[in-house]
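Chemist: My questions all concern the structure below.
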Amino acid sequence: MLSSSSTLVPHPSFSSTFLPSDILEEIFDHLEVEYENDPSGLLSTLYSCAYVNRNFCKNVIPYIWRKPFYSRKNGLNFTKQKSQKSAKKSE
């Protein structure tokens, strides 16, 4: 048991947000399976991963560019409906 005066110090060469590339690839592969029917959700999640740190960004870019274009039909309909609702509110 740790006393209140003891402090855990991380190893200087290992950051808490650093994960090896092979682990990140497994995570991103899992996300692709998880979001198989929601390409816009996948891209949104992958973009969020790019903002974690440089290591995540470097490893997620190939996944983002794997399918840079997707059917935006549902996304555009949602955006159109949302803009119509905001226009009605402002009237």
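Residue numbers 11 to 101, in this note's numbering, belong to the letters of the sequence shown in order.
The beta carbon of each residue, even a glycine, is placed where N, CA and C say it ideally should be.
(1) Look up arginine 76 in the DSSP assignment and say whether it is helix, strand or coil.
(2) The alpha helix (DSSP H) with phenylalanine 38 in it runs from where to where?
(3) Under the rule that 16 or more other beta-carbon atoms within 10 Å means buried, what is tyrosine 73, buried or exposed?
(4) According to DSSP, simplified to helix, strand and coil, what is valine 70?
(5) Could you say which of Phe79, Pro78, Gly51 and Asn63 lies nearest to leucine 34 if we only look at CA atoms?
Modeler: In brief:
(1) In the structure shown, arginine 76 sits in coil (DSSP, three-state: anything other than H, G, I, E or B).
(2) First-last of the alpha helix (DSSP H) with phenylalanine 38: 31-44.
(3) When all chains shown are included, tyrosine 73 counts as buried.
(4) Here DSSP, grouped into helix, strand and coil, assigns valine 70 to helix.
(5) The shortest Cα separation from leucine 34 among Phe79, Pro78, Gly51 and Asn63 belongs to Asn63.
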